[in-house]
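Novice: One structure follows; several queries about it will come next.
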Amino acid sequence: MSGARPSSTYRLQIRRAFDLDDAAAITGYLRDLGVGWVYLSPLLQATSGSDHGYDVVDPTRVDPERGGADGLARFAAAARTAGLGILVDIVPNHMGVSVPRENAWWWDVLRKGRASTYAPFFDIDWDAGDGRVLLPVLGGELGEVLADVRVDPASATADGGGGGVVRYFDHVFPLARGTVPDGADLADPATVRAVLERQHYELASWRRESAELNYRRFFGVSTLAAVRVELPEVFDATHGEIVRWIREGLADGLRVDHPDGLADPTGYLESLAEATDSAYVLVEKILEHSATDHPEALPAWWETDGTTGYDAMAEVDRVLVDPAGEAALTALDARLRSADGLPPASSWPELIHGTKRHIADTIQAAEVARLVRTLPSPVPDAADALAEILAAFPVYRSYLPAGREHLAHACAVAAARRPDLAGAITALEPMLADPRNEVARRFPQTTGPVMAKGVEDTAFYRWSTLGTLTEVGGDPSVFALDVDGFHLAQQRRQAAWPAAMTSRSTHDTKRGEDVRARITVLAEMPDRWAGFLDEVRSRASTGHGPFDALLWQAIIGSWPASRERLHAYAEKAAREAGERTTWWDPDAGFETRMHDLVDAAFDDAALAAAVADIVAEVAPPGWSNGLSAKLLQLAGPGIPDVYQGSELWETSLVDPDNRRPVDFTALRETLTRVDAGERPSIDATGAAKLLVVARTLRLRRRRPELFTRHTPMTVTGDAAGHAVAFDRGGALAVATRLPVGLARRGGWGDAELLRHRGATVDALSGRRHEGSRLQLADVLAEYPVALLVPEEDA
């Protein structure tokens, strides 16, 4: 890849409540913080009121709710004045169709069917729907709700010359001209049904979507219809505005959302590079680390600068986790299960096989059925066998002709688990491996949703041993990472993908970075954690020990969170886990106990005191972990991203909680005080974290030559295992790990950092150090982290 690369990025969520003009107003603050480029959430016109922007309805213009084209021009001018580059998130895989009238292309398809100019734009299996698109929006079967369906031919003029509309509560769908006979009695249900049967779509019960949907979508979200950007005309139509941003200097780079959903990610990235003259491009790609013999690598042939950093997130988290806590926390989970009459925990591979198979059989059943329809020749038990292969697939997807080893692995595992399907699996494997077959091209578009929904959105909420481990891009079967392993991972990143992004928090993370940093402390005090759970569960419990543990970790990790935020988290976590309640069929009794537990944390005096006590114990070492994690990310290889507001403690929970408004006025005031000489304490304000962020980002932007390699440094002494130290080519980072254990041993003692001689200054504390052997007790006297730079560079 060629072109400019950022020193760092800062993610902003652009929406109606914080539009491009609001973003322009804080460019001075971002410059002063040390940011290199501003990283914007999707800007193309999205469904009205969308706070996230991933439901694009018009890819040809900037969303007026987000500021429109003029707002983008004003923002770009402000960013350039502040010396900032611009990175924009784009969504090539799908479009929003929840409000058909807002999406002109989808509206035209619903009105004209296969004859629509835009019919090829969407990935619709017309034959499977007898020439119609299934729209699963009704509260029951059509006959049950027909009285609520209204045909309105009077809307013909408003519909741009069409034949009127069909209304079902807030839903509005088009009618083709001539669909409604003159003089038809539209108050007659039979007439309404006859009109609907002449349509290019079928209104159906929402419960039919999983098994019968005949258009590809994003994961299990039927309101996000997939588009076929592999077709040149579709790429051009959906990317003309995006390419204009690059060519006119309104953006410098792009972040590609969910490339694994595309039919041909390799070809797409090549087209994007050609259209943008190889602008800086990142891909939102999750790499699996322990599913096979070797960690999964990003395809080296892709025209990209790297991933958005979930892999780095997992590495930083795990080097701070105490491996000694694994046995005790595993035993605690077993005890909780036994006490509540639950079966023993499955191994992680066994758990995710079950959750992935469940997704293949339910949410992705329509996609599996489509795979069966595209087989080049019939295979008995094909649906069952395909679902089993999907459940066994070890990574998000492969990219034919490469990656056949993943398919071979999955087929071998599936056949071993289901000998009764061995014949079908043997017959399917060559079909799935041959890219000339449609089924081979579609199969990789299905493995990703099965993995994402089965692992991230189900198993992560069932595996509650230590919440730090169940983060996007993580694998909880990898409990901890030793210091040598951490250095090896960073050296690989520096060598292979030095311009890839690294992240700590995103709009998709299950927990904010400092919630994880606090939960990590529990691995150092598993007995205290077990005692706390016993105490609080005696007063408030859902009756499901592992879920109680998950929920109390969220409470402690985010405390003091509001009651409303915790109620929302509890509901989402429980329904995603799908063990005692679900989105489709909520269990009122379980959910009442769940909400009572949250309320008890506020209203039960004894419980509130217990929460206050344990938070008082875990918060200080959690702050140490938070500062260490931030320095490891910001000073380490790759391009560090700071998620909006996370320069202070980031204690958000899963979305939409992590998209809450940010008080940039307060952030600016804190930065001003720090720059005026205030030496912030490590406390609940988070000002010490802002100091670490600002000083590190400024140094990276001002002196990039100090960050060109990753060389592990040697620490000696009995407490050496509590330090992570590396030289980046002139900037030497030191971070504390396992702070509870360090305190138990009485501090750093005789621990020394061995380094090249010469005077250095800690860019964080301002302390000066000389000599080739530095006492860590001196280096880390003020903060648990240090960033040493040559005196002349300070």
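Position 468, counted from 1, in the sequence shown is what the UniProt record's numbering calls 468; the numbers after and before it change by one each time, with no gaps. The beta-carbon is built from N, C-alpha and C at its ideal position, and this holds for glycine as well.
Taking 8 Å as the cut-off, decide whether the C-beta atoms of A427 and R518 are in contact.
Specialist: The answer is no: Cβ separation not under 8 Å.
Novice: Would you kindly work out how many angstroms separate the C-alpha atoms of G423 and A412, rounded to a whole number?
Specialist: Their Cα atoms are separated by approximately 12 Å.
Novice: Could you tell me how far apart the beta carbons of I614 and I556 are, in whole angstroms, since I believe they sit closer than 8 Å?
Specialist: About 6 Å; that satisfies the 8 Å criterion.
Novice: Output the residue ranges of the alpha helix (DSSP H) runs that lie fully inside the stretch 379–410 and measure 4 residues or longer, sorted by chain position.
Specialist: You should have 382–392.
Novice: Going by C-alpha distance, which of T672, V598, L691, T470 is nearest L627?
Specialist: L627 has its Cα closest to that of L691, out of T672, V598, L691, T470.
Novice: What residue does the alpha helix (DSSP H) around L634 start on, and which one ends it?
Specialist: It spans 605–635 - the alpha helix (DSSP H) in which L634 sits, taken as one unbroken run.
Novice: Would you report the Cα separation of M1 and A549, rounded to the nearest angstrom?
Specialist: Confidence at M1 is low in this model, with a pLDDT of 44, below 50, so the placement of that residue should be treated as unreliable; the coordinate-derived value is given next. Looking at the two C-alpha atoms, the distance is approximately 46 Å.
Novice: How close, in whole Å, do the beta carbons of K356 and V455 come, if the pair is a contact with beta carbons under 8 Å?
Specialist: Contact flag correct, Cβ pair sits at about 7 Å.
Novice: Have a look at the DSSP bridge pairing and note the partners of G85.
Specialist: For G85, which the question treats as bridged, DSSP gives the partners W37.
Novice: Going by C-alpha distance, which of V598, R701, D585, P680 is nearest R207?
Specialist: Checking every option, the nearest Cα to that of R207 belongs to D585.
Novice: By how many angstroms is the C-alpha of T276 removed from the C-alpha of L332?
Specialist: One C-alpha to the other measures close to 53 Å.
Novice: With a threshold of 6 Å on Cβ separation, who are the neighbours of D322 within its own chain once the five nearest residues in sequence on each side are excluded?
Specialist: Contacts found: A523, E524, L738.
Novice: Classify S347 as buried or exposed, calling it buried when 16 or more other Cβ atoms lie within 10 Å of its own Cβ.
Specialist: Exposed, by the Cβ-count rule.
Novice: To the nearest angstrom, how far is it from the Cα of E230 to the Cα of T238?
Specialist: Rounded to whole angstroms, E230 to T238 spans 11 Å at the Cα level.
Novice: Quick check: what's the CA-CA separation for R11 versus S41?
Specialist: Computed Cα separation, rounded: 7 Å.
Novice: Would A46 pass as a contact of V56 if the rule is Cβ separation under 8 Å?
Specialist: Contact flag set, yes.
Novice: Give me the Cα-Cα distance between D361 and G473, rounded to the nearest whole angstrom.
Specialist: Spanning the two alpha carbons is a distance of roughly 24 Å.
Novice: Where does D311 fall in DSSP's three states?
Specialist: Helix.
Novice: Would you kindly check if the distance between the Cβ of L787 and the Cβ of G34 is under 8 Å?
Specialist: No, they are not a contact pair.
Novice: Residues in the same chain with beta-carbon distance under 7 Å from T191, minus the five sequence neighbours each way, listed in chain order, please.
Specialist: The residues are A184, D185.
Novice: Measuring alpha carbon to alpha carbon, tell me which of R511, Y215, T651 ends up nearest L371.
Specialist: With distances taken between Cα atoms, L371 lies closest to Y215.
Novice: Quick check: what's the CA-CA separation for P449 versus A382?
Specialist: Roughly 19 Å separates the two Cα atoms.
Novice: Using CA atoms only, rank isn't needed, just tell me which of A573, L400, H289, A577 is closest to G485.
Specialist: Of A573, L400, H289, A577, the residue nearest in Cα terms is H289.
Novice: So which of G636, S624, L533 has the shortest CA-CA distance to W649?
Specialist: Comparing Cα positions, the closest option is S624.
Novice: Within 10 angstroms of the Cβ of F169, are there 16 or more other Cβ atoms? Answer buried if so, exposed if not.
Specialist: Burial call: exposed.
Novice: Which residue spans inside the stretch 700–767 form an unbroken alpha helix (DSSP H) run of at least 4?
Specialist: Listed in chain order, the complete alpha helix (DSSP H) runs (minimum 4 residues) inside the stretch 700–767 are 739–744.
Novice: Would you kindly work out how many angstroms separate the C-alpha atoms of R511 and G545, rounded to a whole number?
Specialist: For R511 and G545, the distance between alpha carbons rounds to 20 Å.
Novice: Where does V521 fall in DSSP's three states?
Specialist: Looking at V521 - three-state DSSP - the assignment turns out to be helix.
Novice: Runs of 3 residues minimum, wholly inside the stretch 185–224: which ones carry the beta strand (DSSP E) assignment?
Specialist: Taking only runs of at least 3 residues, the beta strand (DSSP E) segments lying wholly in the stretch 185–224 are 201–205.
Novice: CB of W107 to nearest heavy atom of the ligand SAM: below 7 Å?
Specialist: Among the ligands in the structure shown, none appear at all, so the ligand SAM cannot be discussed.
Novice: For F219, which residues of its own chain have a beta-carbon under 7 Å away from its beta-carbon, when the five flanking residues on both sides are left out?
Specialist: P449, A452, K453, listed in sequence order.
Novice: Classify T509: buried if its beta carbon has 16 or more other beta carbons within 10 angstroms, exposed otherwise.
Specialist: Classification of T509: buried, given that the 10 Å Cβ count is 16 or more.
Novice: Quick check: what's the CA-CA separation for D675 versus A561?
Specialist: Straight-line Cα distance between these residues: approximately 29 Å.
Novice: Please check the pair D657 and R565, which I expect to be a contact at CB under 8 Å, by giving their CB distance rounded to whole angstroms.
Specialist: Yes, they are in contact, since the Cβ atoms of D657 and R565 sit about 6 Å apart, within 8 Å.
Novice: Rounded to whole angstroms, what is the Cα-Cα separation between S116 and H171?
Specialist: S116 and H171: Cα-Cα distance of roughly 21 Å.
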